[in-house]
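As structure tokens, the structure follows; a few thoughts come after it.
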Amino acid sequence: MIDLNGKKVVVTGGTRGIGRAIVLSLAGAGADVITCARGDGEAAQSLARELKELGGDHHVLKADVGEPEDIRRLAEEARTRFGRVDVVVHNAGVISHIPFEELPLEEWNRVLGTNLTSAYTLLQSMLPLLPEGASVINIGSRVATIGIPMRAHYTASKAGLIGFTRSAAKEFGSRRLRINVVAPGPIETEADVPAAVRERYERMIPLGRLGRSEEIAGAVLFLASDLSSFVNGETIHVDGGI
Ligand code: NDP
Numbered sequence: 092m093i094d095l096n097g098k099k100v101v102v103t104g105g106t107r108g109i110g111r112a113i114v115l116s117l118a119g120a121g122a123d124v125i126t127c128a129r130g131d132g133e134a135a136q137s138l139a140r141e142l143k144e145l146g147g148d149h150h151v152l153k154a155d156v157g158e159p160e161d162i163r164r165l166a167e168e169a170r171t172r173f174g175r176v177d178v179v180v181h182n183a184g185v186i187s188h189i190p191f192e193e194l195p196l197e198e199w200n201r202v203l204g205t206n207l208t209s210a211y212t213l214l215q216s217m218l219p220l221l222p223e224g225a226s227v228i229n230i231g232s233r234v235a236t237i238g239i240p241m242r243a244h245y246t247a248s249k250a251g252l253i254g255f256t257r258s259a260a261k262e263f264g265s266r267r268l269r270i271n272v273v274a275p276g277p278i279e280t281e282a283d284v285p286a287a288v289r290e291r292y293e294r295m296i297p298l299g300r301l302g303r304s305e306e307i308a309g310a311v312l313f314l315a316s317d318l319s320s321f322v323n324g325e326t327i328h329v330d331g332g333i
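Sequential numbering from 92 applies to the sequence shown in the working numbering.
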């Protein structure tokens, strides 16, 4: 059982899907969590209720990671509420499926901005709050280094996270910060998976099924804890062996 009692954590995009499982796992392990999403509707409210039941000092905020001003506000919230941040999980991400010839610049910029540029604004804003031993975890994607049609923008953003992470790991190792990527394969979330797509993945994945959000949270828990104290600049694929 991983014990994160007393750890202060920030997770982006924590109200749904993989991010929600990450937030609940970290809080369940004893960490205090600030998370954010663009929406403050039912997903955010039900997460706040679940966190309250778990106990601890948790906050669900409205912030768009694509907006540098929102990231600065998130860091300011973390500073005033926690004073420091031991673990940062950059999970917020968007995807779209568009043939490359039709891909508008606005969509390229939206996806790169949300998935990749935000990793830069987030790390820069959080740096003053990160003590020695802090762990930064970027959620990438298995497909980043494989490629897939109609996702050039998405895979570029997620592959960019790997280079970003490796360089930051080298630059901040002397401050005893660790930064890694968790790269999920196909994961079952609230989003509908068409039957044909599901069957194709089940054939492609040696374990014969899609992954669960909690299985991504498991790798995040490992990287958040001292069990991974010598893991730095790494990409951990959690993909059933696809
Ligand atoms: P979901 O779309 O299910 O959830 C995304 C979460 O992030 C929501 O809470 C959403 O809330 C929030 N979010 C989205 N955009 C922003 C933004 N600009 N600012 C703040 N919060 C935001 O995504 P998944 O759980 O499927 O994916 C989570 C991460 O895992 C992503 O980075 C994704 O690329 C990656 N991944 C997912 C895979 C999968 O199979 N699901 C496979 C490989 C990688 P709101 O909409 O209210 O902002």
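Every residue, glycine too, gets a C-beta built ideally from N, C-alpha and C.
- Judged by DSSP in its simplified three-state form, alanine 128 adopts strand.
- Measuring C-alpha to C-alpha distances from glycine 110 to each of Gly97, Val151 and Thr246 identifies Val151 as the nearest.
- Membership of proline 159 in the alpha helix (DSSP H) is indicated by the continuous run 159-173.
- The three-state secondary structure of leucine 221, taken from DSSP, is coil.
- By the neighbour-count definition (other C-beta atoms within 10 Å, threshold 16), isoleucine 239 is an exposed residue.
- Collapsing the DSSP output to three states places serine 216 in a helix.
- Closer than 7 Å to some heavy atom of the ligand NDP: that describes the Cβ of asparagine 206.
- Taking a contact as a CB-CB distance under 8 Å, the pair alanine 128 and glycine 104 counts as one, their CB atoms being some 6 Å apart.
- Taking non-hydrogen atoms of the ligand NDP into account, the C-beta of isoleucine 109 is found less than 7 Å away from one of them.
- The region 237-256 makes no contact with the region 95-104; the number of CB pairs closer than 8 Å stays below 3.
- For alanine 122, no beta strand (DSSP E) run applies, since DSSP gives it neither H nor E.
- Distances taken from the Cβ of proline 285 to the heavy atoms of the ligand NDP include none shorter than 7 Å.
- Annotation: threonine 106 is outside any alpha helix (DSSP H) and is labelled neither H nor E by DSSP.
- DSSP places valine 311 in the uninterrupted alpha helix (DSSP H) bounded by 304-315.
- In this chain, the beta strand (DSSP E) harbouring alanine 274 covers 269-275.
- Sequence-distant Cβ neighbours of alanine 259 in its own chain, meaning closer than 7 Å and more than five residues away, are Leu214 and Ile270.
- At a threshold of 7 Å, glutamate 281 counts as near the ligand NDP, since its beta carbon sits closer than that to one of the ligand's heavy atoms.
- The continuous beta strand (DSSP E) containing leucine 152 extends over residues 150-153.
- Excluding its 5 nearest sequence neighbours in each direction, serine 248 has C-beta neighbours in its own chain below 6 Å: Val202, Leu203, Asn206 and Leu207, listed in chain order.
- Here lysine 261 is exposed. Its C-beta has fewer than 16 other C-beta atoms within 10 Å.
- Using a cutoff of 7 Å, the CB of asparagine 182 counts as near the ligand NDP, since one of the ligand's heavy atoms is closer than that.
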